[in-house]
Amino acid sequence: MKEEDEMNEEMKVSDYIIKFLENINVRYVYGFIGGSITHLFDSLSKSQKIKFIHCYHEQAAAFGASASAKLSGNLSVVFVTSGPGATNLITGIADAYFDSSPVLFITGQVNTYDFKYDLKVRQKGFQETDIVKILKPITKYSVLVDDSKNVESELKKAVSIALNGRKGPVLLDLPMDIQRQMIKVSSSSSFTIDTQKIECLLDDKILNDILKLISSSKSPIILAGGGCSNSDSKNELLKFAEKLNIPVVVSLMGKDAFPHDHKLFSGFIGAYGNRYGNILLAKSDLLIVLGSRLDSRQIGNEITPFLNKKIIRIDIDKDEIESSKLKYHMKLICDVNQFLKSMNLILEREKAVLPKNEEYILNIKKLKERFDPISEMRRAHEEDWHYRVMKGISDNLADDDIVCVDVGQNQMLAAQVLSIRKNQRFINSGGMAPMGYALPAAIALSIETKKRVIVITGDGGMQINIQELNNVAFYKLPIIIFVFNNKSLGMIKQFQKLYFNSNYFATDEKSGYNSCNFTGIAKAYGIGAIQIHQNENAILEVSRILQKPKMPLLVEFVMNYQSYVYPKLEYNKPIDEIDPSLDDEEKNFLKGMSLENPENKERTLNSSELNRRR
């Protein structure tokens, strides 16, 4: 009888949800309390395993949870109330959706007897909003749970969907009366979820085909995208690249997928990518794409450089592969981590030996040195102080620092300049790209990892979620916030210069936009803050701050000039023809440099030997 009672335990719905989350190792919940979610918060208050992080805007809660999920690949959780609480999540949910972050959002809702359902009225209950319909396009799964009998199955289903396949956000909309109802929990399986993996069958034929393509290539290159970081495949990617001696370029979302101090690292690519990375991408004859979308921000709208090259694409999302305008020589619907592990195991088993490609790699090194980021500003005849400051930050990062980057000029500046080493992380928002992302993201990652977090932001982005400084001060977090204050919305201002005849409207202090005294605001919250003005001692000051930090700290770089980021790809130009244009001497330098592998014959022989062994 006792065993039967245990197998049919009666629990309040909100208590069951918290116990379920505890059982699947959720340790933090982000959110903001409100009337229709109070039952769930009451149950959360009794948990000894889950810590609640109170954010001061629901958007910040969503950004923090999404950043946590990006970093770890594990489930993050957010609780907010109905109506405005739920709608304030939208931008953060979109960020999680586009960047493949597994986050469970639970929103409170009015009692079921106050919900309008099919009534032709705008609203029946107070703060009633049909958040499920609003969010369906930007969630993997979104449902109103209006029957307590379905709570267990819907919760397990939502979490399983979030974590399986291409990861992403899910939402459960939970009416107040459902939260407080009692349900019978049938067994211990009520607190577990099913995990499913998309199987990628790498048989000998597929391996042989891949090796043949690599062995016959004169200029192969690997493009590592967000799928590499998200699938925890960085170590496998390093083994794979070293084994085959293939250079690696990264997308914005794959910025930390490969160590930048490695000889095979060949740059960040894209519309604001490093020139050398874009050149190598365009000139390659074989492109191995690992978890990257190949959208126009990565390869441009003029795709001529990609029409004649052979492309192997690995992606977990079939729809992404099928919707591309490019043709692939090979395409595998597969988790990147699984693919790389399988390839590395087979390469090790076969003892395949490939050449060192020393001349090829040496030429890439020369290319990187010739077109380093700071030289691009001089080539454009623009002030480069902000580039030199960012280089100073990069040179003084600790080995396990996490860098959270906002959106705007500062994001592209950081992506071009920061040299991310093996155990460092670079977290940003790629698909949705909302300003105000970096600070809430940094708070979540600092709390969860206990590591130092560096925030890179601009004066525009910093103002959007500036209220979250309250948490930085409250938790005394080891966070350093670098604000590049050019007193403008620099990215759009640069766009206005190029395409709107320098009609600067709504982007600077003369046309409606205004910056503020960030150091004064930080001090008001109880956070240390300093200003650094444009001078040659700034780099030394940055070094001192990062070497012996007193944290938390806000550092405001006061820029008394219009800043730009270069290189930049203009519309309808191929990816390797970026601005500023090269002079004749630089063009001749490129013409005289062989970006092909002169040891191609040896590669072919090795592949043939491998074939004979089969």
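The sequence shown stops at residue 613 when you use numbering that gives the first Met the number 0, and every number in between is there.
Where a beta carbon is used, it is the ideal one built from N, C-alpha and C, also for glycine.
Being a predicted model, the structure only gives us computed values, none of them experimental.
query                                                                                                                                                                             : result
Measuring CA to CA, which of Asp202, Lys18, Leu20, Asn73 is closest to Glu447?                                                                                                    : Asn73
Throw me the rounded Cβ distance for the Ile213 and Leu279 pair, which I believe falls under 8 Å.                                                                                 : Incorrect: roughly 16 Å between the Cβ atoms, too far for contact.
Beta-carbon separation of Leu88 and Ala66 under 8 Å?                                                                                                                              : no
With respect to the beta strand (DSSP E) encompassing Ile544, which residues constitute its N-terminal and C-terminal limits?                                                     : Run containing Ile544: none in the beta strand (DSSP E); it sits in the alpha helix (DSSP H), 537-546.
Taking 8 Å as the cut-off, does the segment 177-190 touch the segment 316-335 (at least 3 CB pairs, one atom from each stretch)?                                                  : no
Which same chain residues, not among the five before or five after Lys45, have their C-beta less than 7 Å away from its C-beta?                                                   : none
Less than 8 Å between C-beta atoms, sequence neighbours within five positions excluded: which residues of the same chain meet that for Thr111?                                    : Asp145, Pro174, Asp176, Ile177
Is it buried or exposed for Gln195, if we count other Cβ within 10 angstroms and need 16 for buried?                                                                              : exposed
Can you name the start and end residues of the alpha helix (DSSP H) that Asp314 belongs to?                                                                                       : Where Asp314 is concerned, there is no enclosing alpha helix (DSSP H), although the beta strand (DSSP E) it sits in stretches over 309-314.
CB Ile192 to CB Ile23, shorter than 8 Å?                                                                                                                                          : yes
Considering only residues of the same chain and omitting the five flanking positions on each side of Ile453, which have a CB-CB separation below 6 Å?                             : Asp400, Val402, Ile479
Whose C-alpha, out of Phe588, Asp255, Gln546, is nearest the C-alpha of Asn422?                                                                                                   : Asp255
Let me know the secondary structure DSSP gives Glu8 once reduced to three states.                                                                                                 : strand
Tell me whether the segment 402-412 and the segment 449-469 touch, counting them as touching only if at least three CB pairs, one residue from each stretch, are closer than 8 Å. : yes
How is the alpha helix (DSSP H) around Thr635 delimited, first residue to last?                                                                                                   : In the structure as shown, the chain starts at 0 and stops at 613, and residue 635 therefore has no counterpart that could be examined.
As a quick exercise: from Ala59, Phe257, Lys204, Lys211, pick the residue whose alpha carbon is nearest that of Gly225.                                                           : Phe257
Counting C-beta neighbours from all protein chains within 10 Å, is the total for Thr614 16 or more, i.e. buried, or is it exposed?                                                : Any answer about residue 614 is impossible in this case: the structure gives the chain only from 0 up to 613.
Determine the direct distance from the alpha carbon of Asp94 to that of Ala432, and round the result to whole angstroms.                                                          : 7 Å
Measuring alpha carbon to alpha carbon, tell me which residue in Leu545, Pro551, Ile426 is nearest Glu467.                                                                        : Pro551
Who are the Cβ neighbours of Ala379 in its own chain at under 6 Å, not counting the five residues just before and after it?                                                       : Tyr565, Pro579
List the endpoints of the continuous beta strand (DSSP E) containing Met329.                                                                                                      : 329-332
Drop a sphere of 10 angstroms on the beta-carbon of Asp172, count the other beta-carbons inside from all chains shown, and report buried for 16 or more, exposed for fewer.       : buried
Could I get the ranges of all uninterrupted alpha helix (DSSP H) runs contained in the segment 42-103, with 4 residues as the minimum, in chain order?                            : 57-71, 83-86, 89-97
Report back the beta-carbon spacing between Tyr27 and Lys50 to the nearest angstrom; my notes put them in contact at under 8 Å.                                                   : 5 Å
Tell me Ser626's beta-bridge partners as DSSP assigns them.                                                                                                                       : Outside the shown range of the chain (0 to 613) lies residue 626, about which nothing can therefore be said.
Quick one: grab the DSSP three-state call for Asn149.                                                                                                                             : helix
What residue range does the beta strand (DSSP E) around Asp172 cover?                                                                                                             : 169-174
Quick check on the DSSP output: the alpha helix (DSSP H) that includes Asn484 runs from which residue to which?                                                                   : Here Asn484 belongs to no alpha helix (DSSP H); instead the beta strand (DSSP E) covers 478-484.
Assign Phe481 to buried or exposed, taking buried as 16 or more other Cβ atoms, counted over all protein chains shown, within 10 Å of its Cβ.                                     : buried
Alpha carbon to alpha carbon, how far is Ile373 from Lys18?                                                                                                                       : 53 Å
On the three-state DSSP scale, how would you describe Tyr116?                                                                                                                     : coil
Expressed to the nearest angstrom, what Euclidean distance is found between the alpha-carbon atoms of Gln530 and Glu382?                                                          : 19 Å
Are the beta-carbon atoms belonging to Ser135 and Asp98 less than 8 Å from one another?                                                                                           : The sequence shown places Lys at residue 135, rather than the Ser named in the question. Not in contact: Lys135 and Asp98 (Cβ atoms no closer than 8 Å).
With three or more beta-carbon pairs closer than 8 Å as the criterion, would you say the segment 410-418 touches the segment 392-399?                                             : yes
Hey, quick one: how far does the alpha helix (DSSP H) through Ala414 stretch, first residue to last?                                                                              : 408-416
Pick out whichever of His532, Phe473, Ile463 has its Cα sitting closest to the Cα of Leu488.                                                                                      : Ile463
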